[in-house]
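Accompanying notes for the structure given below.
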Amino acid sequence: MTETGTTGNIAQEELQTSGETKAELLARPEGMLAEFANPAELLHAAEKLRDAGYKRFDCHSPFPIHGMDEAMGLAPSFLGWVVAAMGITGGSLGLIMQWWMSTIDYPLVISGKPYFSYQAYVPVTFELTILLAAFGAVFGMFIINRLPRYHHPVFHSDRFAKVTDDGFFVSVLRGSKKFNVEKTKQFLESIGGKNVEVLRGY
Amino acid sequence: MQLNSQTYRLSDTGKVGTMALAVGVIGIVGCAAGFYVDRTHFFHAYLVAFVFWVTLGLGGLFFTMLHHLVGADWSVVVRRISECLMITLPLMAILFIPIALGMHELYHWSHAGVADHDVLLKAKAPWLNTGWFFIRAGIYFSIWSVLAWMLYNASIKQDLSYDESRAQTMQRISAPGMLVFALSITFASYDWLMSLDPHWYSTIFGVYVFAGSFLAVLSFLAVIALSLRTQGVLADTIRLGHYADLGKLIFGFTVFWAYIAFSQYFLIWYGNIPEETIWYQHRWDGSWKYVSLFLAAGHFLVPFVVLITREAKRNLFVLRAAAIWVLFMHWIDLYWLVLPNMPHAEGAAGVHFSWIDAAAMLAVGGVFFWFFWQRFTANAIVPVSDPRLEVSIRYTNA
Numbered sequence: 000m001t002e003t004g005t006t007g008n009i010a011q012e013e014l015q016t017s018g019e020t021k022a023e024l025l026a027r028p029e030g031m032l033a034e035f036a037n038p039a040e041l042l043h044a045a046e047k048l049r050d051a052g053y054k055r056f057d058c059h060s061p062f063p064i065h066g067m068d069e070a071m072g073l074a075p076s077f078l079g080w081v082v083a084a085m086g087i088t089g090g091s092l093g094l095i096m097q098w099w100m101s102t103i104d105y106p107l108v109i110s111g112k113p114y115f116s117y118q119a120y121v122p123v124t125f126e127l128t129i130l131l132a133a134f135g136a137v138f139g140m141f142i143i144n145r146l147p148r149y150h151h152p153v154f155h156s157d158r159f160a161k162v163t164d165d166g167f168f169v170s171v172l173r174g175s176k177k178f179n180v181e182k183t184k185q186f187l188e189s190i191g192g193k194n195v196e197v198l199r200g201y
Numbered sequence: 000m001q002l003n004s005q006t007y008r009l010s011d012t013g014k015v016g017t018m019a020l021a022v023g024v025i026g027i028v029g030c031a032a033g034f035y036v037d038r039t040h041f042f043h044a045y046l047v048a049f050v051f052w053v054t055l056g057l058g059g060l061f062f063t064m065l066h067h068l069v070g071a072d073w074s075v076v077v078r079r080i081s082e083c084l085m086i087t088l089p090l091m092a093i094l095f096i097p098i099a100l101g102m103h104e105l106y107h108w109s110h111a112g113v114a115d116h117d118v119l120l121k122a123k124a125p126w127l128n129t130g131w132f133f134i135r136a137g138i139y140f141s142i143w144s145v146l147a148w149m150l151y152n153a154s155i156k157q158d159l160s161y162d163e164s165r166a167q168t169m170q171r172i173s174a175p176g177m178l179v180f181a182l183s184i185t186f187a188s189y190d191w192l193m194s195l196d197p198h199w200y201s202t203i204f205g206v207y208v209f210a211g212s213f214l215a216v217l218s219f220l221a222v223i224a225l226s227l228r229t230q231g232v233l234a235d236t237i238r239l240g241h242y243a244d245l246g247k248l249i250f251g252f253t254v255f256w257a258y259i260a261f262s263q264y265f266l267i268w269y270g271n272i273p274e275e276t277i278w279y280q281h282r283w284d285g286s287w288k289y290v291s292l293f294l295a296a297g298h299f300l301v302p303f304v305v306l307i308t309r310e311a312k313r314n315l316f317v318l319r320a321a322a323i324w325v326l327f328m329h330w331i332d333l334y335w336l337v338l339p340n341m342p343h344a345e346g347a348a349g350v351h352f353s354w355i356d357a358a359a360m361l362a363v364g365g366v367f368f369w370f371f372w373q374r375f376t377a378n379a380i381v382p383v384s385d386p387r388l389e390v391s392i393r394y395t396n397a
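Protein sequence lines correspond, in order, to chains A and B. The first sequence begins at 0 in numbering that gives the first Met the number 0 and counts up one residue at a time. The second sequence begins at 0 in numbering that gives the first Met the number 0 and counts up one residue at a time.
So this is what it looks like as structure tokens:
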């Protein structure tokens, strides 16, 4: 649903560069998780986190919730531009490929028509436009969401398994300027969060 | 213009209905003049105008049935507009009479004795003969009128008191209704438009007419709703999310129309069989070439480019301009289907727009709109008792 950052990889990187022991790194809080009762509460919690200035938080729900992008203060995705660029690329490549094949590489008169019969090129041009646009949409989404990834701090929580069934969660990740275990915990509880827990690697 | 917040009926609508009727009367006078000046052109212009408005009625019927069939929430707020469009279909049966009277001017195959010297017309005679043509027209209008009347009536009754069984009835009518609608619009377009050139045939022709019809009705819904909005009517009911959805559908069906139009052209171009290509040749003769190019650009490229962004679909000014443009192009499309088949003097090939074309559009359009408006103001302008109305109003489509 949103950028969740690279928190999962920070520990790995820091293990190699910093002098801290593995145990110290594992004990460090990677984020916080709070549970909400229903989609409406989750939506309102997102609005309050947005208004309070939290940047690196995400909402997790079993199904998409209308208005969540706005509630979280997400900027419009630039995925559309990726799709448009890929679509134009696919269409141009399709057209150029057919033009090159039929007029330069292997010119062949087909049913008395000119070598460059653009009408005949429309289906392939169209299909390649769609194909590359679809690739742009799927793989662009993967890249923007930094997928695939092996780990995410929310997996430290046992309660989080509910998210595929009836759980509505907010996660706030370390790295946000406002992240502070005590204050964030208080804030999450003040906006109605239940079972607030600290996400740690051990 | 006032909207009663209790009954959701329009009052103080001013002279909208009267003006529409006046426009219709002016158009009818123009048509009468056109009939005496150039009878052949009049009947062709009238056919274009008749099909233009009947496809709006059919589009309304399709939109309403689709709404019931899929159990849509968002479209409840515009349902009454589409219902009032479809209830014009019984009226359109009366407006079919001039076509029946002028069929010898329009349809070459209806001339006595032509089939004797024409092997194709002889083979097609069991279908293309005047008696069976009239019976078929009667069947089409019966199907459409019965469907429209049953759905309209059930929806109006629903306003008084909601009854779940009535909603189910409308859904049950819509399922088989969709099937007979598909068949009837296909054969009606074969009869009224494709048989203008009785030697030519295209199996995709019905889908082509349907694509234009649905595109036109989506645009009409947007134009009507936005016009009401400028009067402050339903401004909080038909909201940005609904317009964005209409914009998406207009955009999508612009592509659908182009897909179908190109599919028809593509196969005929590839096959290159004279009896098929002649139809496109007629539309490439003289200045018709520019109408053909204008159709491809104006019916596909312009709405495609204008409506492609999210911002454009959510900009009500852009959406309204695009919708009016699409309606104009729908008329050009039908003009392009009909007029090249009009008999003309040797060497006079080419498009000749005439005041008779405008008069016919005003005549049928004025009467159509008067009847539509009369139905629209007679009841609540949204289905007030539908439990999904509130869901529809809350629809934000973020």
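All C-beta atoms, glycine included, are put in the ideal place defined by N, C-alpha and C.
### Query
Does A/H65 come within less than 8 Å of chain B when only Cβ atoms are used?
yes
### Query
Less than 8 Å separating the beta-carbons of B/T90 and B/V232?
Reading off the sequence, residue 90 of chain B comes out as Leu, not Thr. No, these two residues do not count as a Cβ contact at 8 Å.
#### Entry: Minimum length 4: unbroken alpha helix (DSSP H) runs contained in the stretch 228-310 of chain B
239-270, 273-281, 287-295, 301-306
### Message
Against chain A, with Cβ distances strictly below 8 Å, would B/N314 count as a contact?
### Response
no
### Message
Using a Cβ-Cβ distance cut-off of 8 Å, determine whether B/T12 contacts chain A.
### Response
no
### Task
Take every Cβ of the stretch 86-104 of chain A, pair it with every Cβ of the stretch 144-154 of chain A, and state whether three or more of those distances are shorter than 8 Å.
no
### Message
Against chain B, with Cβ distances strictly below 8 Å, would A/T5 count as a contact?
### Response
Residue placement at A/T5 is flagged as unreliable, the pLDDT there being 44, under the threshold of 50; a coordinate-derived value is accordingly withheld.
### Task
Could you tell me which residues DSSP pairs with A/K193 in its beta bridges?
Paired residue(s): A/E34.
### Query
Span of the beta strand (DSSP E) holding A/V171?
167-172
#### Entry: Cβ-based neighbour list, B/V15, same chain, cut-off 7 Å, excluding 5 preceding and 5 following
Closer than 7 Å at the Cβ level, and outside the excluded window around B/V15, lie W372.
### Task
Please find out if some non-hydrogen atom of the ligand NAD comes closer than 7 Å to the beta-carbon of B/L388.
The ligand NAD is not part of the structure shown, which contains no ligands of any sort.
### Query
Can we say the stretch 310-328 of chain B touches the stretch 367-386 of chain B, given the rule of at least three CB pairs closer than 8 Å?
No, because fewer than three Cβ pairs between the stretch 310-328 of chain B and the stretch 367-386 of chain B fall closer than 8 Å, the two stretches do not touch.
### Query
Do the CB positions of B/Y45 and B/A359 come within less than 8 Å of each other?
yes
### Task
Using three-state DSSP, classify B/S4 as helix, strand or coil.
coil
### Query
Roughly how many angstroms lie between the CA atoms of B/G13 and B/V22, to the nearest whole one?
15 Å
### Query
Which full runs of the beta strand (DSSP E) of 3+ residues lie inside the stretch 16-101 of chain B, going along the chain?
none
### Task
Please determine if the stretch 184-191 of chain A and the stretch 43-50 of chain A are in contact, where contact requires at least 3 C-beta pairs separated by less than 8 Å.
yes
### Among B/T236, B/P197, B/S141, B/G130, the one whose alpha carbon lies nearest that of B/Y7
B/T236
### Message
For a contact defined as C-beta to C-beta under 9 Å, what are the partners of A/Q118 on chain B?
### Response
F261, Y264, F265, W268, Y269
### Task
Grab the span of the alpha helix (DSSP H) containing B/H329 for me, first residue to last.
315-337
#### Entry: Contact list for the stretch 89-115 of chain A against chain B, Cβ threshold 7 Å
S110
### Task
Name, in chain order, the residues that DSSP records as bridge partners for A/P28.
DSSP lists A/R199 as partners of A/P28.
### Query
From this set, A/A160, A/E181, A/N194, A/A136, which residue's C-alpha is nearest A/F77's C-alpha?
Distances from the CA of A/F77 to each of A/A160, A/E181, A/N194, A/A136 were compared; the closest alpha carbon is that of A/A136.
### Message
Tell me the rounded alpha-carbon separation between A/E23 and A/G200.
### Response
10 Å
### Message
For B/V47, which residues in the same chain have their Cβ closer than 6 Å to its Cβ, ignoring the five residues on either side in sequence?
### Response
L333, Y334, V337
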